[in-house]
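Numbering (my numbering), first residue to last: 8 to 293.
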């Protein structure tokens, strides 16, 4: 199961950290004392922790990762994970293309991360910390897995299969993952539009509405009018004296924010039907 905090946000990152911490489910116990095999150092760090954190230990790596993430030092943060090969080849200009995605996650990182457990077994470690849950409103104890490589602890953000793919794809991995995530988000938003139309029609004699009216009725979020969060442009076209409609989702930047164009039409039973295809960045037509 992926790390809940970041998993709920990509593309937000949400998407870049699609399965952030391997087996990052809620831990059953807190305040686990570090075992005798934990890294030792004369320099201890105690910020936000309920255990003693030794410099360069697994717990310290987790602390520094979230500190870098919160302070928007995204390259430095990702370098501490096994996603590193996906960012090493990115120029600063290319990295800025993901700034919106990264910042959407960074703003939810607490000023201090409560780290309350560290278990080390050879070159494998598990750190427990209190992090935001899936809805970002509450926090819970979650696990972070790490692996020691050449004396340095690395946060395991993806499994071995994905790790091999990342090494093969390099920086292209982030671009492909972002597009895949935006495709999923476009489908989700179109589903929300369809549900909003059903509610609106039930309240207005079977007639449908354009997007601004659905937002005004609090049936849709305002960000449906912007491509910033999902990479897509959405449109609703009313037909037959407002008794029918079709909706579209089109990539804001074809090849970068998405490749597929989406179309939702109503069938004979007025049920929404979704189709999609690579339309070279152009809207699909009813």
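For each residue, glycine too, the CB sits at the ideal point set by N, CA and C.
The model shown is predicted, which means the values in this text are computed figures rather than measured ones.
### Query
Can you name the residues that DSSP bridges to residue 132?
127, 153, per the DSSP bridge assignment.
### Query
Around the C-beta of residue 35, are 16 or more other C-beta atoms found within 10 angstroms, so that it is buried, or is it exposed?
Because residue 35 carries a pLDDT of 42, less than 50, the predicted location of this residue cannot be relied on, and no value is offered for it.
### Task
Compute the beta-carbon to beta-carbon distance between residue 186 and residue 180, rounded to the nearest angstrom, for a pair I have assumed lies under 8 Å.
Between residue 180 and residue 186 the Cβ distance is about 11 Å, and since that is not below 8 Å, they are no contact.
#### Entry: beta strand (DSSP E) segments (min. 3 residues) lying fully within the segment 151 to 232
Listed in chain order, the complete beta strand (DSSP E) runs (minimum 3 residues) inside the segment 151 to 232 are 159 to 162.
### Task
Assign residue 219 to buried or exposed, taking buried as 16 or more other Cβ atoms, counted over all protein chains shown, within 10 Å of its Cβ.
Exposed, because fewer than 16 other Cβ atoms sit within 10 Å of the Cβ of residue 219.
### Run of the beta strand (DSSP E) containing residue 279, from where it starts to where it stops
279 to 285 is the extent of the beta strand (DSSP E) around residue 279.
### Query
Measuring CB to CB, does residue 288 end up less than 9 Å from residue 177?
Residue 177 is positioned such that its CB atom lies no closer than 9 Å to that of residue 288.
### Query
What residues are listed by DSSP as bridge partners for residue 85?
Bridge pairing for residue 85: absent [DSSP].
### Task
Spatial neighbours of residue 132 within its chain, please: CB distance less than 6 Å, with the 5 preceding and 5 following residues excluded, ordered by chain position.
Sequence-distant partners of residue 132 (beyond 5 residues in either direction) whose C-beta falls short of 6 Å from its own C-beta, in its chain, are 65, 153.
### Query
In the DSSP assignment, what residue or residues form a beta bridge with residue 269?
Beta-bridge pairing by DSSP links residue 269 to 256, 283.
### Task
Could you spell out the range, first to last residue, of the beta strand (DSSP E) harbouring residue 243?
It spans 239 to 246 - the beta strand (DSSP E) in which residue 243 sits, taken as one unbroken run.
### Query
When DSSP labels each residue in this structure, what does residue 290 get in the three-state scheme?
In the structure shown, residue 290 sits in coil (DSSP, three-state: anything other than H, G, I, E or B).
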